[in-house]
Structure formats: structure tokens, C-alpha cells
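Chemist:
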Amino acid sequence: MDEPIRLHRPIPRNDARPKACGREVYAVDRYPNNALLAGALRCGVAAGRIRDIDIRQASAVPGVFRILTASDVPGSNRQGIIHKDMPVLCENIVRYCGDPVALVLAESSESLQQALSRIQIDIEPLPAVCSLEQALASGASLVHDDRPGNLLAHALIQKGDATTAFATCDAVVEGSFSTPVQDHAFLETESGIARMEEDGGLLMEVSTQSPFRDRFEIAHALGLDFQKIRIVAPALGGGFGGKDGATVQCLLALAALHSNGRWVRMHWSREEHFVAGYKRHACRMHYRLGAKADGTLVALDTRLWYDTGAYAHLGAEVMELGMEHAAGPYRIPNTRIEGWCVHTNQPVAGAMRAFGVCQVTFGIESMMDMLAERLKMDPLTLRIRNALCKGDENGAGVRLETSTGIRDCLERIQDHPLWRQRTEWKDAAPRFRRRGVGVVGVWNAAGYGGGVRDAAIAKIELLLDGTFLVHNAVSDMGQGNSCAFFQIAGHILNQDPGRIHVRQPDTRSAYPSGSSSAGRTTYTYGRALIEACERMKARLINRAGLILFLQDDDGLELEPGRVVHKPSGRKVPLKALAGLMQPEERVILSETVAPTCKNVPATATGFFIGFPHVIFAYGAHLVRIEIDERTGEITIVNYLAVTDGGRVLNPTMFEQQVQGGVAQGLGYALMEDLVVRDGRVLTQDFTTYLIPGSLDVPDIVSIAVEDHPEESGPFGMKGIGEVAMNGPLPAVANAVWDACGIRIRQGPITAERVWSEMP
Amino acid sequence: MSRDHQATIRFMLNGEPTECTCPPDMRVIDLLREAMGLTGTKEGCGTGECGACTILLDGIPRLSCLMVAAQLHERRIETVEGIERSAEGRKLVDAFVEHGAVQCGFCTPAMEMTALALLRSRNPLDRKAIRAALSGNLCRCTGYVKIVDAVERAAAEPLS
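Protein sequence lines correspond, in order, to chains Y and E.
For the first sequence, position 172 matches number 172 in this note's numbering, and the numbering has no gaps at all.
Quick note, this note's numbering runs 759 ahead of the 1-based positions in the second sequence.
Written out as C-alpha cells, the structure is:
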């Protein structure tokens with residue numbers, strides 16, 4: 001008998017071996033027989049009015065099955081998670097280069113490519129606003145006629161009286177910062193297959209973070225009944241937020257409506273992904289931060305402009321989460337944080353890991369170092385002195401009543417040799433090299449926040465062979481939530497790895513549990529699963545007692561593959577129990593709703609949903625860099641990330657999330673910059689849009705602080721998928737300052753930027 | 760070249776003699792994935808930049824998205840589907856599983872094929888050499904630390 005699965009141990013992921021042997025089937029691996037291929041024609045201009053789409057030549061290409069335009073779209077022809085503003089196929093106006101104007105269905109990829117190149121589109125260019133400055137200028141042309149000033153949202157957080165409080169400060173620092181557009185760059189581009197079933201339903205297997213919500217998006221856009229749409233979401237080849245919301249879904253569904261019942265397959269090329277996929281918002285920030293001479297923070301004034309691109313997606317929510325984090329994980333009694341979410345004719349910005357937060361972290365963490373410099377204080381001491389503690393009010397005025405470990409994280413950095421020995425290390429820099437050390441404090445909310453139902457419905461089933469099946473309902477894009485569920489079920493049911501299976505989301509057999517996002521996947525579904533497993537355990541013990549004619553359930557224990565009556569040693573195999581139980585008896589459903597803020601402070605105006613949050617992961621990061629004086633090139637020598645994620649369910653998976661988040665953050669810090677000029681994406685591949693390779697990142701060291709278990713979380717955990725992303729950009733910027741006195745205010749921190757400012 | 764033109768191509772695939780009739784200019788990645796159902800080899804870019812389609816051709820890592828079927832003729836091909844057939848391959852898979860080198864898993868098969876060629880080279884391996892050897896294989900999930908760990912451990916362990 002194998003050992004039962006246990007929590008809080010570095011057990012191998014249940015999905016690792018099938019993935020390592022090439023057996024895991026992703027959406028892109030599905031090649032149904034006789035499938036048609038679908039491909040969209042992107043308009044290729046920043047803004048314009050469609051005068052004509054001529055498909056005659058393209059239709060004559062051998063192997064072309066159908067060519068669809070907006071007039072073929074039933075329903076509203078509008079998709080979008082909250083604001084339904086994004087056409088499936090554009091009718092008359094195009095708003096960015098990736099806007100789709102026609103959809104080709106073809107027998108082969110050759111026919112598809114030929115047909116796409118032979119569609120003649122006649123578009124009258126319209127004035128475009130391709131930057132925040134242009135979009136906000138007076139008299140700027142509007143991306144959407146019904147959004148004056150090109151504003152999707154405008155919101156304000158006010159706590160205390162920042163304006164007056166600045167007058168009482170001994171030191172005030174001020175700075176402007178900007179961050180680039182980042183691409184998710186998951187390795188599996190957007191893809192899926194779909195067909196109409198004989199019963200009139202739509203079946204889709206798709207690389208998605210939000211299978212249940214996809215049904216509503218498709219139904220709304222195409223005028224279908226959402227109950228007749230079935231979405232299957234196999235393992236994703238990465239997501240990071242870029243597959244939250246419809247990518248291929250509505251186009252694929254539209255294609256399936258016109259394929260005469262044949263399967264349709266859609267797989268975006270890397271180039272199409274860069275042009276038409278969702279992005280991280282570029283951001284402009286203006287910060288003022290004031291403190292007393294002893295370093296006590298007093299006042300913050302921040303203005304933030306998020307470039308949300310052509311359509312809404314989750315732009316307003318991204319900006320709002322950024323605003324909620326703009327003050328950093330620090331106690332600041334007086335704050336004024338104003339945000340504008342601005343439409344431009346740029347690619348659509350939406351959800352991405354650390355959703356609006358990594359932008360403001362660059363701002364506030366740069367300001368903290370600038371303030372420390374002004375006060376002649378050690379930057380780590382300044383952070384520790386102001387670190388939020390349980391019971392404090394954060395910058396948005398929310399009193400923290402949950403796990404709050406930022407101070408411990410910062411103190412771990414203070415005790416670490418990489419910090420303590422920094423002076424000697426810097427002094428030992430070789431000729432033509434300068435060394436610097438940067439530190440930052442980071443935090444990131446978990447969950448959807450106020451005003452949105454953050455809920456899950458877990459389902460566990462005893463199969464006829466006596467093993468268990470967890471019906472996961474929250475996509476696993478690689479973060480490992482399905483392994484967390486595997487561990488939770490195994491731990492509670494006391495079963496070994498061979499007896500716990502996890503099925504990836506299928507809207508027919510699992511139940512709505514929200515999206516795979518917001519550091520909520522393991523937390524929310526896990527809460528529901530604990531209850532389901534406890535009830536399953538109780539039921540199996542009860543049924544075993546029934547079979548053994550026991551007076552009560554005393555002395556019965558669940559063991560791998562059986563229930564044992566400890567006093568007598570009598571056993572009932574789970575297979576036998578399963579055979580005696582009715583199908584409905586073998587299934588347990590359990591639901592949960594995540595806790596919300598009971599005392600919402602009256603600090604925020606202009607927020608629609610998502611304010612405030614009550615649970616945060618925290619961290620403190622240290623980076624050691626070396627700069628080549630002759631080229632400005634930065635080498636990341638050491639990286640240390642200390643993270644408070646409550647209790648750790650699986651130390652290996654915890655490190656995976658931290659190391660992966662830091663690596664993605666180092667890409668953001670050093671090289672990633674999606675460039676769009678005159679409505680054309682200039683970085684359409686991995687030679688122009690660079691992401692870190694194995695030689696670009698060091699052996700990232702992760703330390704978990706487990707002294708602050710989150711009482712509402714499964715076995716004390718809280719989500720840490722996003723928090724690590726926030727550290728690298730400001731940490732590297734602070735290290736550059738430490739190395740050579742240059743304050744970098746614009747990301748990414750390229751060699752050119754450093755070199756051109758080198759004194 | 761016309762898609763109507765078909766050629767018969769013979770090669771060793773994961774130790775098995777294999778013959779297939781296909782357009783000689785068909786991309787190898789399409790031949791493997793679509794025609795032969797071997798979807799363990801992934802396509803991440805189609806332009807030779809991400810490394811996700813790496814296979815071994817006569818033991819040397821090659822990008823299957825940049826090769827055409829004719830180039831396989833009379834060569835020895837290895838894909839992830841055959842990785843467990845050799846002791847070195849099994850050791851590598853075990854190391855990837857045990858040391859947490861797998862997250863979304865999309866880069867994993869190709870990462871392993873590159874690492875397999877490295878292990879067979881029997882050159883002394885430190886972390887720097889492993890990083891250099893894997894530098895053509897992009898991963899967006901792991902930050903590479905655990906992948907390097909896994910290859911280092913596999914290289915250090917004797918064959919069972």
C-alpha cells in the first residue's frame with residue numbers, strides 16, 4: 001500500500017509525468033478528423049472606417065469553405081467580460097490593428113493563408129490616438145463615441161487629508177514614472193476546436209482561463225442559449241491572464257455555426273498572438289510622498305494613467321487594483337490616489353499577472369528609495385518602520401484583519417547574508433563594473449474584491465473502481481491548482497497518489513467556480529473542496545458501518561482503498577462500497593463564497609466593482625546587479641524573494657510560482673517592451689520581443705514566511721501566483737541607483753537607457 | 760512545391776523503422792503532430808525562436824518547425840514519445856518530475872530533448888554549462904531554476 005498524500009510537503013505534481021512524457025493533451029493538440037481551419041483577417045490599421053470587403057478572389061481559392069464577415073454574425077456581435085464593446089467581426093469601424101474584419105474557413109492551412117491574403121479590404125483611415133498624451137489631448141478623436149475624453153474609467157481614493165498633510169512633512173519627494181506594454185508570451189498561443197452537436201448545442205475545447213464565463217460571452221455575442229454551450233478546458237500551455245476572456249472563443253463558435261457540423265480548429269500564430277492578444281497596460285504615474293524626519297510616512301499623492309487600448313476588457317478593474325496598491329504595503333495616514341483608464345487605438349490591454357499592481361509598485365518602491373536618500377536613511381529600515389501590521393489601515397483605508405506578514409518578510413531580508421554583506425560585495429566589483437543592491441516591499445490582493453461574487457462549487461466523486469475523481473472547475477494554466485486539489489483530496493481522504501484523479505474543467509460535469517485568476521484558484525475552489533472531501537469521508541464511513549452492521553461509526557477509519565474498523569480489524573474495500581452505492585450517493589458537491597470586507601471604507605469613488613480586497617500576499621525582494629560601465633549592460637547576479645503566502649501547501653509548487661513570477665518580472669524589468677508604431681506592432685516575434693532565457697536569470701532564491709497563516713484559507717494558505725511579479729522592476733531600478741546614482745524612471749531598464757544616463 | 764507531390768520517406772523514429780508518404784516539403788512538426796499524432800512535440804512560434812519543437816536528429820537537437828519531411832530520410836529521429844525507452848531518458852523524466860521542473864509543461868518535452876543530448880555528451884556539466892545548453896529553449900513559467908536543478912541531478916545520478 002502506497003503512502004497517503006500529505007499536505008505541506010514537496011510532493012511531485014500529479015500532472016508532471018504526463019507532461020514530461022508528452023502525453024498531456026492541450027487544446028492545441030486536438031486535431032479532429034476532417035476539421036476545417038478557421039483564421040481571422042486583422043485590419044492592420046490603427047483606426048478606420050470599412051468602406052468595402054471584397055471576398056470574391058479569396059472565395060475562388062481552392063479549399064476555401066466559407067468566408068464570413070460581420071453580416072454573418074447573429075446576435076449582438078459584441079464580446080467583453082463586463083463592457084460588451086468588442087466586435088467578433090467589425091461592421092464598419094476598426095479601432096486597432098488587430099481588429100478582425102473577416103473569418104475564413106478552409107480545408108488546409110495553405111488554402112487559409114492564400115484566402116486571407118486575397119481578401120481586399122478598403123478602409124478609410126481615421127485619425128488615431130496612439131498614446132496616452134494623444135488620447136487625453138483636448139479635441140482628441142474618440143476611440144468610442146460614447147466614451148468622452150477617451151475615458152473608460154476615472155476613480156479616486158482619498159483617505160485623511162493628503163493636501164494639508166504635505167505641509168507637515170519634513171521631507172517630500174516627487175517623481176514621474178512610466179512602464180511599457182508587456183505581452184504574456186505563453187508558449188501555447190490562443191487555440192481551440194469547436195463544432196455544433198446534433199442536438200443543436202455547441203461543443204468547444206479551448207485554451208481558456210474562464211470556461212464557465214466563456215459560455216456567456218459566446219451566447220451574448222452570437223445570440224445563442226448559454227445552456228447549450230459546453231466548454232472543455234484542458235491544461236493550458238500558460239495563461240498569465242491572457243486567456244481570461246474570449247480570445248478564439250467567439251470566432252470559433254461563429255465558424256462552427258457555418259461549418260455544416262464539421263469540427264473547426266483555430267490556432268493563432270505567434271505573430272497573430274502579438275498583434276491580437278491581450279496585453280499588460282502601459283502606465284504613466286506621478287507620485288509625491290512625504291514623511292517626518294524620522295521616516296514616518298505621512299502623505300501620498302498619486303496620479304495614474306493606464307493605457308487600456310481599443311476595448312474595455314478588464315481595464316477599469318486593472319486600474320482600480322493598481323490604485324488600491326498605489327501606496328505600497330505601508331502605513332500612510334493621508335492618501336490621495338487618482339486614476340484614469342484611457343482608451344487608445346493600441347492593442348487591447350486586459351488581465352495579466354499582477355493586474356495593474358506591478359506598475360504602481362515601480363512607482364511607490366522607487367519613491368521609497370528616493371525618500372530614504374533624502375532622509376539619509378537606510379532604505380530597508382525605512383520600509384520596515386512603515387510596514388503594515390495586522391490591525392493597520394492600508395493606503396486605501398481598509399483595516400487589515402487577515403494574515404499580514406510584510407514586516408517579517410523585510411526583516412528576513414535584513415538578516416540575510418546577501419543584504420548584510422552588501423558593502424563588501426560592492427567594494428569587490430571588478431574593473432569597469434559597478435555593483436548595486438536593491439530592495440523592495442511587495443504585496444498583491446487575492447480574490448475578486450468587493451461587489452463581485454467570488455465563489456466556487458467543488459465536486460468529488462467516488463468512482464466504481466474505488467478511486468476518487470475531483471472535478472476541477474478552475475482551469476490549470478500551469479500554476480498547479482489541480483495538484484493542490486489532488487493533495488487536499490488525498491490528505492483528507494487519506495488516499496495514495498494512485499487513487500486520486502483530477503479532471504480538468506468541463507462545464508457539463510463540473511460547476512461554476514469562477515476564473516483562473518486573481519490568486520484565487522486554490523484558495524476559493526480549495527475551500528469548497530475541503531468541505532466536499534470531509535463530507536465524502538463521513539459518508540463512506542457511514543456506509544461502511546452500514547455494511548458491517550455496526551451500531552455506530554466509532555472506530556471506523558478511511559485508509560487507502562478501504563474503510564477499516566480498527567477495534568475488529570474488519571475492512572470494506574472502497575471498490576465494494578462504490579458498487580453498493582447509487583450514482584448520486586457517490587458524488588458530493590460543496591459550495592463556498594470567499595469572505596468580503598464587512599466595513600467598506602468610504603474612501604473610494606468612481607469604482608464599479610472589485611473594491612476593496614481583504615486578503616493580500618506579501619513579499620520582500622533583494623537583487624544584486626552588476627553594470628558594465630562601458631555598455632550599460634545589467635547582469636542579475638543574485639535574486640532573493642521572501643514571500644508571505646500563509647501556510648504553504650506544497651513547498652516545491654510555492655517556489656515554482658515565486659521563481660516564475662520573478663523571472664517574468666525580470667523580463668519586465670530588463671527587456672520586454674511591445675512596440676506599436678502607426679498602428680503596427682513592431683515586435684511580432686521572439687527576436688524583437690525578448691523574454692528571459694536560461695542565461696538571463698540567476699538561481700532565484702525563494703524563502704517562505706509561514707508565520708502568518710490565513711485563517712480563511714485552505715489549511716492556512718493564501719494565493720501567491722501574482723505577488724512575485726511586482727518586485728523585479730523596482731528592485732533593479734533601486735539597484736541601478738545604488739550602483740551608479742542613476743534613477744531610472746522608465747521601464748524596461750535596458751542597457752541603452754542606463755548607458756545614456758551614465759555620469 | 761505542389762502539395763499534390765508525395766514522397767515516401769523512411770527514417771528511424773524512436774527506434775522503430777518508419778515509412779510515411781507525404782509532401783516532401785511538409786514541415787516536420789506538422790508531420791509529427793498532425794499526420795502521425797505525436798503531439799508531445801510542441802509549436803510555440805513556428806519561426807525557430809522558442810525551441811518548443813526541438814527533436815533529436817541523429818542525436819543532435821534540431822528545430823522541427825524549420826525542417827521539412829525530406830530532411831528526415833534515412834535519419835534517426837527521437838521525440839519525447841520515446842523518451843522513456845532509454846535509461847537516460849527515464850532518469851531525465853524522473854528528475855523533471857521530482858525536482859519540480861514542470862509547470863504548464865508546454866516547453867518541457869523540448870527542454871528534455873535538448874537536455875538528453877547534453878547528458879549523452881558526457882561532458883562535465885556545471886549549472887553554467889546546463890544553462891548555456893538550454894538557452895535556445897524558452898520557458899515562461901519556471902524561471903529555469905528547477906529545470907537546471909533537474910538536469911544537474913540527472914547528470915549526477917548513475918544510470919540505474
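No residue lacks a Cβ here, since even glycine has one placed at the ideal position from N, Cα and C.
1) In whole angstroms, give me the CA-to-CA distance for Arg9 of chain Y and His858 of chain E.
2) Please work out which residues of its chain come closer than 6 Å, Cβ to Cβ, to Gln182 of chain Y, disregarding the five sequence neighbours upstream and downstream, and give them in chain order.
3) Checking 7 Å against the spacing of the C-beta atoms, do Ile615 of chain Y and Val452 of chain Y come in under that value?
4) Along the chain, which unbroken stretches of the beta strand (DSSP E) at least 3 residues long are found entirely within the stretch 330 to 405 of chain Y?
5) According to DSSP, is Val907 of chain E part of a helix, a strand, or is it coil?
6) Taking Cβ positions only, does Gly478 of chain Y come closer than 7 Å to chain E?
7) Can you give the Cα-Cα distance for Leu772 of chain E and Ile836 of chain E, rounded to whole angstroms?
8) Could you tell me whether the Cβ atoms of Leu252 of chain Y and Met266 of chain Y are closer together than 7 Å?
9) Give me the subset of the stretch 847 to 873 of chain E whose CB atoms are less than 7 Å from a CB atom of chain Y, sorted by chain position.
10) Can you list, in chain order, the residues of its chain whose CB lies under 8 Å from that of Asp685 of chain Y, leaving out five sequence neighbours each side?
11) Determine whether the beta carbon atoms of Pro329 of chain Y and Trp419 of chain Y lie at a separation below 7 Å.
12) Mind checking if Val904 of chain E is an interface residue toward chain Y, Cβ cutoff 7 Å exclusive?
13) Beta carbons nearer than 9 Å to chain E: which residues of the stretch 2 to 21 of chain Y have them?
14) Using a beta-carbon distance below 7 Å, is Val839 of chain E in contact with chain Y?
15) Flag this pair as yes or no: are the beta carbons of Leu187 of chain Y and Phe855 of chain E separated by less than 7 Å?
16) With a threshold of 7 Å on Cβ separation, who are the neighbours of Gly261 of chain Y within its own chain once the five nearest residues in sequence on each side are excluded?
17) Can you pull the chain Y residues whose beta carbon is under 7 Å from the beta carbon of Ser894 of chain E, in chain order?
18) Counting contacts by CB-CB distance shorter than 7 Å, is Tyr31 of chain Y in contact with chain E?
19) Are the beta-carbon atoms belonging to Pro282 of chain Y and Pro180 of chain Y less than 7 Å from one another?
20) Please report the residue range of the beta strand (DSSP E) in which Arg772 of chain Y lies.
21) Which residue's Cα is closest to the Cα of Gly44 of chain Y: Y:Gly242, Y:Lys19 and Y:Asp122?
22) Within 10 angstroms of the Cβ of Gln421 of chain Y, are there 16 or more other Cβ atoms? Answer buried if so, exposed if not.
23) Does chain E have any CB closer than 7 Å to the CB of Val761 of chain Y?
24) Is Leu142 of chain Y close to chain E? Criterion is C-beta to C-beta, closer than 7 Å.
25) Return the first residue and the last residue of the beta strand (DSSP E) that Met266 of chain Y is part of.
26) Does the beta carbon of Thr652 of chain Y sit closer than 7 Å to a beta carbon anywhere in chain E?
27) Count the other CB atoms within 10 Å of the CB of Pro748 of chain Y; is the residue buried (16 or more) or exposed (fewer)?
28) What residues in the stretch 631 to 646 of chain Y bring their beta carbon closer than 8 Å to a beta carbon of chain E?
29) Residues of chain Y with a CB under 7 Å from the CB of Val827 of chain E: which are they?
30) Short check: CB of Ala326 of chain Y to CB of Thr603 of chain Y, under 7 Å?
31) Can you grab the Cα-Cα spacing for the pair Met760 of chain E / Asn33 of chain Y, in whole Å?
32) Please name the residue, chosen from E:Lys887, E:Leu878 and E:Ile906, that lies closest to Leu918 of chain E on a Cα-to-Cα basis.
33) Can you name the residues of chain Y whose CB is closer than 7 Å to the CB of Gly805 of chain E?
34) Residues in its own chain within less than 8 Å of Gly490 of chain Y by CB, not counting five upstream and five downstream?
35) Using C-beta distances below 7 Å, list every residue in its chain close to Leu816 of chain E, excluding the 5 sequence neighbours before and after it, in chain order.
36) Name the residues in the stretch 187 to 203 of chain Y whose C-beta lies less than 9 Å from a C-beta of chain E; which are they?
Modeler: Inspection of the coordinates gives the following:
1) 13 Å
2) Arg280, Tyr668 and Glu672
3) no
4) 334 to 343
5) Of the three classes helix, strand and coil, the one that applies to Val907 of chain E here is helix, per DSSP.
6) yes
7) 5 Å
8) yes
9) Val852, Phe855, Val856, Glu857, Gly859, Val861, Gln862, Cys863, Gly864, Phe865, Cys866, Thr867, Pro868 and Glu871
10) Arg270, Glu271 and Phe274
11) no
12) Answer yes: the Cβ-Cβ gap between Val904 of chain E and chain Y drops below 7 Å somewhere.
13) Pro10, Pro12, Arg13, Asp15, Ala16, Arg17, Pro18, Lys19, Ala20 and Cys21
14) True, the Cβ-Cβ gap to chain Y drops below 7 Å.
15) no
16) Arg195 and Met196
17) Gly693, Ser694 and Leu695
18) yes
19) Residue 282 of chain Y is actually Ala in this sequence, not Pro. Going by C-beta atoms, Ala282 of chain Y is nearer than 7 Å to Pro180 of chain Y.
20) With chain Y running from 1 to 759 in the structure shown, residue 772 of chain Y is simply not present.
21) Nearest of Y:Gly242, Y:Lys19 and Y:Asp122 to Gly44 of chain Y, Cα basis: Y:Asp122.
22) exposed
23) The displayed coordinates of chain Y run from 1 to 759. Any statement about residue 761 of chain Y would go beyond what the structure contains.
24) no
25) Val264 to His267
26) yes
27) The residue is buried, with at least 16 neighbouring Cβ atoms inside 10 Å.
28) Taking 8 Å as the Cβ-Cβ cut-off against chain E, none of the residues of the stretch 631 to 646 of chain Y qualify.
29) Within 7 Å Cβ-Cβ: nothing; Val827 of chain E doesn't reach chain Y, min ~14 Å.
30) no
31) Here Met760 of chain E scores only 42 on pLDDT, less than 50, and its place in the model should not be relied on; the value that follows carries that caveat. The alpha-carbon atoms of Met760 of chain E and Asn33 of chain Y are separated by roughly 25 Å.
32) E:Leu878
33) Ser269 and Arg270
34) Pro4, Ile5, Arg6, Asp496, Pro497, Arg499 and Ile500
35) If we look at Leu816 of chain E and ignore the five residues flanking it on each side, its Cβ neighbours are Arg834 and Ile836.
36) Leu187, Glu188 and Thr189
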